[in-house]
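Have a look at the structure below before the remarks.
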Amino acid sequence: MTKRDVVRRVFSGQRPPYVPWHYQFTKEPWELLCGHFGGADAAETAVDNHILELGSAIGFFDDLGNNRVRDVFGVTWDRSVDKDIGNVEGHILPEPILAGYAFPDPLDARFFRDIPAMIAKQPDRFRVFYLGFSLFERAWTLRGMENLMVDFVDQPEFVHALFAAIADYDIAQVREAVKYDIDAVYFGDDWGSQQGLMMGKPFWDEYIKPQLRRMYGAVRGAGKFQMIHSCGDVDELFDDLIGLGLNCFNPFQPEVMDTTALLQAYRGRLAFHGGLSTQRTLPIGTEEEVRRECRRLLDQGREGSYIFAPSHAVESDVPLANILAFIEEAPQAASAEKLRF
20 MTKRDVVRRV FSGQRPPYVP WHYQFTKEPW ELLCGHFGGA DAAETAVDNH
70 ILELGSAIGF FDDLGNNRVR DVFGVTWDRS VDKDIGNVEG HILPEPILAG
120 YAFPDPLDAR FFRDIPAMIA KQPDRFRVFY LGFSLFERAW TLRGMENLMV
170 DFVDQPEFVH ALFAAIADYD IAQVREAVKY DIDAVYFGDD WGSQQGLMMG
220 KPFWDEYIKP QLRRMYGAVR GAGKFQMIHS CGDVDELFDD LIGLGLNCFN
270 PFQPEVMDTT ALLQAYRGRL AFHGGLSTQR TLPIGTEEEV RRECRRLLDQ
320 GREGSYIFAP SHAVESDVPL ANILAFIEEA PQAASAEKLR F
């Protein structure tokens, strides 16, 4: 059974032969890992991910120099502090008006040109096309967070129009992506804070849910699985998301949700990806504490609906020893579980 087959079982609500894993790293820890293993290829082999990340999630194609990049929507990001994404400079939409703004080409070849070669290089992995900043995040990067929150109340027609236009862009990309031999589409968005939804459930229902129905429908209509990323305490949305056709939720943060209870409650209906704390366990835990938490998560995921991973991309505050610990624990558990399957 290939890695691709194992993840497909997880997404289908079946018990896999072992718990698959998938790790993401920000710039500094990835460089640390490459240095430890003697290069990127050796680090990739050691990590041995089950998911193949395809596409260019946000479209950071233009390097402006001076620690600044521009995404395809025209937003400039200052990376002088955050080296991976950055902080937005200015507002592309200073007023609640779409007239005069031209959306980028969703079929820009740069999003798709590497897909065949990447699949050929890692044919056994589960193939996911990543589409980041897929709705709410894309809207606030264009309009500004405070402005958009005020627009929710004062400019509902504009918000509906903006979100529909972003969803149209996403759907066009999805329809192109599913022409390739992929397995799933990943929509990146952030709706939650540490204590609930940033915009509240009524506004989520009014502005976001209708567009998700369209976006998820495009993926489901192509016979593909779908994933969503949203940081924060958003478990109140899980039943809605399942109803819309969601298969897997990430990042499954233990700081803001009871991961054990949720996995038990939703197993067979929704898969979870994440669970290993990047706020507490990985940055400040001892190596043994990391290993103990890994074993707990891997054990509770044995029955299915779970992909082992840190709850977000590993940050620069995580010691190398703790990174190596979670990398080592998953294949050890897999070897033991295969004998029981």
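Just so you know, we're using the working numbering here: the sequence shown kicks off at 20 and counts up by one. Every residue, glycine too, gets a C-beta built ideally from N, C-alpha and C. All of these numbers come straight from a predicted model, not from anything done at the bench.
Buried or exposed for residue 192, please, with buried defined as at least 16 other CB atoms from any protein chain shown within 10 angstroms of its CB.
-> Along the sequence shown, one-based indexing puts residue 192 at 173. Buried is the call here.
Among 64, 342, 68, nearest to residue 39 - alpha-carbon criterion = In the sequence shown, residue 39 corresponds to position 20, counting from 1. Checking every option, the nearest Cα to that of residue 39 belongs to 68.
Where the beta strand (DSSP E) containing residue 96 begins and where it ends = Reading the sequence shown from its first residue, position 77 is the one you call residue 96. Note, residue 96: beta strand (DSSP E), 95-97.
Could you tell me which residues DSSP puts in a beta bridge with residue 212?
-> The sequence position of residue 212 within the sequence shown is 193, counting from 1. Partner(s): 215.
Candidates 320, 342, 112, of which the one nearest residue 352 by Cα = The sequence position of residue 352 within the sequence shown is 333, counting from 1. Looking only at 320, 342, 112, the smallest Cα-Cα distance to residue 352 is reached by 320.
Contact between the segment 45-60 and the segment 120-139: three or more CB pairs below 8 Å?
-> Contact between the segment 45-60 and the segment 120-139 is absent: fewer than 3 CB-CB pairs across the two stretches fall below 8 Å.
Entirely within the segment 250-286 and at least 4 residues each: give me those alpha helix (DSSP H) ranges in chain order.
-> Uninterrupted alpha helix (DSSP H) stretches at least 4 residues long and entirely within the segment 250-286 occur at 257-263, 278-285, given in chain order.
Nearest to residue 127 by CA position, among 286, 293, 229, 194, is which residue?
-> Indexing the sequence shown from 1 puts residue 127 at position 108. For residue 127, the nearest C-alpha among the options comes from 194.
Can you give me the start and stop residues for the alpha helix (DSSP H) that residue 318 sits inside?
-> Within the sequence shown, residue 318 is the residue found at index 299, counting from 1. Residue 318 -> alpha helix (DSSP H) spans 306-319.
Are the Cβ atoms of residue 46 and residue 82 separated by less than 8 Å?
-> Along the sequence shown, read from residue 1 onward, the residue named residue 46 stands at position 27. Along the sequence shown, read from residue 1 onward, the residue named residue 82 stands at position 63. No, the Cβ-Cβ distance between residue 46 and residue 82 is not below 8 Å.
Ordered along the chain, which non-local residues of its own chain (more than five positions away) have a Cβ less than 7 Å from that of residue 151?
-> To locate residue 151, count along the sequence shown from 1; it is residue 132. Cβ within range, chain order: 76, 77, 207.
Helix, strand or coil: how does DSSP classify residue 38 here?
-> Locating residue 38 in the sequence shown gives position 19, where the first residue counts as 1. Residue 38: coil per DSSP, three-state reduction.
Helix, strand or coil: how does DSSP classify residue 290 here?
-> Here residue 290 is taken as the residue at index 271 of the sequence shown, counted from 1. In this structure, residue 290 counts as strand in the three-state DSSP scheme.
Grouping DSSP H, G and I as helix and E and B as strand, with all else coil, what is residue 236?
-> The sequence position of residue 236 within the sequence shown is 217, counting from 1. Three-state result, residue 236: helix.
Would you kindly report the start and end of the unbroken beta strand (DSSP E) that includes residue 328?
-> As a working mapping, residue 328 is identified with position 309 in the sequence shown. Here the beta strand (DSSP E) through residue 328 covers 325-329.
Per DSSP, residue 166 is paired with what?
-> For the purposes of this step, residue 166 is taken as residue 147 along the sequence shown, with counting starting at 1. Beta-bridge pairing links residue 166 to no other residue.
Within 10 angstroms of its Cβ, does residue 64 collect 16 or more other Cβ (buried), or is it exposed?
-> As a first step, residue 64 is located in the sequence shown; it is residue number 45 there, counting from the start. That one is exposed.
Taking Cβ positions, are residue 9 and residue 267 nearer each other than 8 Å?
-> Only positions 20 to 360 of the chain appear in the structure, and residue 9 is not among them; the question remains open.
To the nearest whole angstrom, what separates the beta carbons of residue 226 and residue 177, a pair I think is in contact under 8 Å?
-> The residue given as residue 226 occupies position 207 in the sequence shown. The residue given as residue 177 occupies position 158 in the sequence shown. Incorrect: roughly 11 Å between the Cβ atoms, too far for contact.
Could you pull out every residue in the same chain whose Cβ sits closer than 7 Å to the Cβ of residue 87, ignoring the five residues on either side in sequence?
-> In the sequence shown, counting from the first residue as 1, residue 87 sits at position 68. If we look at residue 87 and ignore the five residues flanking it on each side, its Cβ neighbours are 95, 96, 97, 98.
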